[in-house]
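J.:
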Amino acid sequence: MSLAIVRLDGPVEPELSELPADRLIAGAPEVQVRNFFTDPSQQFFAGRESVTGERSSFGPGEAFVVPAGFAGTWEVVEDCSKIYAVFEARP
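Numbering-wise (numbering that gives the first Met the number 0), the sequence shown opens with residue 0 and increments by one.
1) Of the choices P66, E74, S55, whose alpha-carbon is the least far from that of A84?
2) Let me check understanding here. Comparing Cα to Cα, which of G68, E17, G26, S55 lies closest to V75?
3) In this structure, how does DSSP classify A20 when only helix, strand and coil are distinguished?
4) Do F57 and F63 have their C-beta atoms within less than 8 angstroms of each other?
5) CA-CA distance, A27 and L15?
6) Look at the alpha carbon of G71 and the alpha carbon of G60, and state the distance between them as a whole number of angstroms.
Dropping the structure here:
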């Protein structure tokens, strides 16, 4: 397994599914799931951040995944606005 940061430069194709009939009240909703991996991911809206280990810099419009086991230092270069999610494997 690689411990390199994975940039998400392109769109991730969604997995499409339907709600089970017993959970549907009305309508025909479409469910789209975009799985990026099972590791932390971030999507930046403003600001800049730099990561050591494998020196990288991220800013508005960029997204990436940090693989499990990554070791490095985060430096907030300027105030950031981002979505950050961490996923943990279930035993």
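We put the beta carbon where it would ideally sit given N, CA and C, even for glycine.
T.: So, to answer that:
1) Per the Cα distances, P66.
2) Nearest of G68, E17, G26, S55 to V75, Cα basis: S55.
3) The answer is helix: DSSP assigns A20 an H, G or I state.
4) Less than 8 angstroms divides the Cβ of F57 from the Cβ of F63.
5) Annotation: A27 to L15 spans about 13 angstroms, alpha carbon to alpha carbon.
6) Their Cα atoms are separated by approximately 22 angstroms.
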